[in-house]
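Residue numbers (my numbering): 880 to 1675.
For reference, the structure discussed in these notes is given below.
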Amino acid sequence: MDEIAYVAPERGSTIYKDECVFCFDSPEFEHGLYICLVCHVGVCRNHVVMHVTRTDHVGYLNLIREKKLLLDDNDDDDAAPPKQITKLAIGVESGFLEKRYEVRERWAVSVYPELELVPLFESTLGPGLLYCCKAIMEAESAYRLLEVQSQAGTWDGTMLKNTIHTNLFQVDNPPKIPPSGWRCQAEGCDKIDNLWLNLTDGMIFCGRKLWGGGGGNNHSMDHYCKTGYPLSVKLGTISSNGADVFSYDEDDLVNDPQLEKHLKHFGIDLAVMEKTEKSMIELELDFNQKWEFHEIQEEGNKLTPVYGPGYTGMVNMGNSCYLNSVIQALVIIPDIVRVYWDGADRIFQNCSLVPCDDFNVQFAKVVSGLLSGRYSRADMEDRRGIRPAAFRLLINRGNAEFASNRQQDVEEFMRYLFERLEQNKRGIDCVEDVVSTWRFSLEEKLTCLESGNVSYKQRPEVILSLPVPLGLEQEQIDPTTLENDENRPPSVVGILPDEPAQLALMNGAGGVAGAGVDSSGGGSGAGNDAAEIVVTSSSNSGTATVETGVIGPKLRPTVSLMNCLKALVEPELLDNTKSPFTGRISAMEKQLHFNTFPDWLWIQMKKFTFAPDWRPLKLDVSIAVPDLLDMNEFRGSGPHVGKLKMEYTKDSDDEQQPSAKPELVSQLIDMGFAESDVRTALIETANNLEIAVQWLLSGGVDGQGSGGAGGSSFNSRLSNDVPSSTEVQFRDGNGLYRLRGFISHIGSSAHTGHYVCHLLKGDQWIIYNDEKVALSEKPPKDLGYVFLYERISTTD
């Protein structure tokens, strides 16, 4: 063994010993994992030759791991109650923990090409090599270190912000509240549970209904609407450890640092009270634990799992469903397959960096894992999905928001991912960059109504972000009255995530911000009949709530995708906008058309917007989505004869250029708008804050507004999405498309909830719900958030 080269790792060295850097084979697979003794990179048996060819490193430390499932402490005692989960968390003590295993590891040295396993004896290896092996064995793995740094392994739902009502006004001569025997004080209400004490006037009212039945009659919320008194405490949860406090104007559970003082005002001694009801966290835990997470259901029907190449799931690593859904959709695009699956070996062999730090290597690894079928085996439980930890950690490096464990907006992540694909295209050998597959050019016609001058701009985009024009004529469609499945907008499916905390639970006091999401079936607590599940932002939203039994499909406004497109290309009047021709604030008219049509078209429905009080909310609408979409009528024609074409040219004197006031920029960014959009809006509206907000929400010279937390402006981050105009590649053709996939969002906010992907393969819809992949019987197209269309060739 003296001839083997090795480098003993130092403290803090990066050791990749979780899985192969080129595939998803782990130490649990046959032959285990081979960890290079020089560069400390793990490879599987199939990729050892590739690593040797690239590096000339022939010495490896082999790791074979065997796992045996351990029974829970209570499993051997049928009479013992299950362990109580008391924390709304994933991967932490007292929360949702992964299954526990007894792990046995076998280590040995192996030398290429024989790869025979040599035991770790000093007499065989020598003291230096043995020391190197032990250092690798004892070191924390690279993935684990990165997960700890990004907190990717846990999700804690108990983090509450302090209320803004610490100095709460409380009435004089308040009523004294007894320690028990409470009843809702609303006329005709007999509720004696789920009662909330208003901390301003001492009135007691019931909360609102809960998912799956139960709860109250919304009288606590009604009282807030009448009085404006913001804080209420759930009476049955009061104990020396605190209580559930809900802030209506903050629309969330909060921490009240002055709770003891506020309760004492009504004669309640926090120290002697005992908890008699479940907290909202416990109710949400109960709800999530009732769902049968091992089955994917749509309207109560158990779906048939599918396995094999192209039907590989992706493990949810804690709020990673947004990433999983986007990548599953990308993998049906032929250019992605050609470059990152057909060309995977070439990418691996040409890797000039550490493989785990190479974007193209890690993306090709994910694409190959999904398409190979190796990790989608019905007969092997440990071969049912890949865990793209390395890719997630790499792509999110340097981006604080995506590197966090918070849920993300799919559209925002798509733009970020497309940018990374664009940045790394030079690292692969292909004629065209893959982003050109879905990149298109928009033609923007801008008319100055004062001077009559007209300018035309062509700008690249990668996603068509369509505002939902609620001002259009809408139709209430009852799904039960339509027999044609192609025309019937199905009610929301019971798509069940593996991130328990992410299903938004209707708060017992006031609910959660946002509009409704229905879900049918799937809950063991709901009986055998399907029931509608609804999340709403207020008691006046008109949504149904669940008590018991069967609730009919919820009616919601329906807007057609085609009408959204027609509204997009309608001329738009822009008041109080600086004219690029006269330099004065005047009326302008803007009109958009398509200059090119891409091979594949991403369409985002901008369902996320702001309430009048600036709370982000989700529009509860159905979208009538056609399977066939003809876009040809939306192609632009360029300058017309007789019209004066003028380009927007800026003054070369920087001192004469207007600028956005920093304090106004900060205010608008805090509202959720992108900084680039904010600066443009303030400059174009002469730093008028009110007009700038309207401009961002309804439209502007360079975009359609960011739409708040859930969307991006129509051309936001264009400079990041694409390179300079001289490098931009477009593909153009006819504008006839067919629907190939869509990503749905369950929840009230883009930054909470759950994402699920549906894809059309052949004539069959497939649902991709993290690691679960199944035939979809009733894909909820009308509730999609992002749609993927494929161009239909005129020769088809």
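Ideal Cβ positions, reconstructed from N, Cα and C, are used throughout, including at glycine.
Each of Met929, Cys918, Glu1656 and His936 was checked against the Cα of isoleucine 883, and the nearest Cα belongs to His936.
Per DSSP, the unbroken beta strand (DSSP E) holding tyrosine 1668 starts and ends at 1663 to 1670. Using a Cβ distance threshold of 9 Å, leucine 942 and arginine 985 count as a contacting pair. Under DSSP, methionine 1484 forms a beta bridge with Leu1345. For glycine 1007, the enclosing alpha helix (DSSP H) begins and ends at 1006 to 1017. Here DSSP, grouped into helix, strand and coil, assigns methionine 1441 to helix. Here alanine 1243 is buried, its C-beta having at least 16 other C-beta atoms within 10 Å. Separation of histidine 1098 and alanine 1065 (C-alpha to C-alpha, rounded to the nearest whole angstrom) is 7 Å. Histidine 1141 sits in a helix when the DSSP states are folded into three classes. Burial of arginine 1338 is indicated by the presence of at least 16 other C-beta atoms within 10 angstroms of its C-beta.
Looking at Asn1195, Asp1128 and Tyr1295, the one whose alpha-carbon comes closest to that of histidine 1633 is Asn1195. About 7 Å separates the beta carbons of lysine 1113 and glutamate 1156, which is inside the 8 Å limit, making them a contact pair. If you draw a straight line from the Cα of tyrosine 1295 to the Cα of valine 1216, it is about 20 Å long. Closest option to arginine 1617, judged by alpha-carbon separation, among Pro1477, Ala1122 and Val1240: Pro1477. With distances taken between CA atoms, histidine 1141 lies nearest to Gly1081 out of Gly1081, Gly1095 and Asp1128. With contacts defined as CB atoms closer than 9 Å, leucine 1498 and valine 1347 qualify as a contacting pair. For leucine 994, there is no enclosing beta strand (DSSP E), as DSSP gives it neither H nor E.
Here asparagine 1275 is buried, its C-beta having at least 16 other C-beta atoms within 10 Å. As summarised for the segment 1102 to 1157, the continuous alpha helix (DSSP H) elements at least 4 residues long and confined to that stretch are 1138 to 1143, given in chain order. Its Cα nearest to that of leucine 1250, the residue Ile1206 stands out among Pro1505, Lys1070 and Ile1206.
Non-local C-beta neighbours of alanine 1269 in its own chain, meaning closer than 6 Å and more than five positions away in sequence, comprise Cys1235 and Gln1241, ordered along the chain. Annotated as proximal: tyrosine 1335 and leucine 1325, with beta-carbon spacing under 9 Å.
With respect to the C-alpha of serine 1623, the residue from Tyr1190, Leu1110, Val1289 and Asn1455 having the closest C-alpha is Val1289.
Beta-bridge annotation (DSSP): methionine 1193 is paired with Ile1265. Beta-bridge analysis with DSSP links glycine 938 to Val990. Assigned with DSSP and collapsed to three states, serine 1545 falls in helix. By the Cβ-count criterion, methionine 1259 is exposed, with fewer than 16 other Cβ atoms from all chains shown falling within 10 Å of its own Cβ.
Judged by DSSP secondary structure, tyrosine 1295 falls within the alpha helix (DSSP H) whose first and last residues are 1289 to 1302. Our two residues, glutamate 1001 and phenylalanine 908, have alpha carbons roughly 28 Å apart in a direct line. Here the alpha carbons of threonine 1003 and glutamine 1302 stand approximately 48 Å from one another.
Here aspartate 1556 is buried. Its C-beta has 16 or more other C-beta atoms within 10 Å. For the 9 Å CB-CB criterion, asparagine 1613 and asparagine 1474 do not form a contact. A straight line joining the alpha-carbon of serine 1655 with that of arginine 1262 spans about 22 Å. Taken through DSSP and simplified to helix, strand or coil, cysteine 1235 comes out as helix. Boundaries of the alpha helix (DSSP H) harbouring glutamate 1554: 1554 to 1563, taken from the DSSP string.
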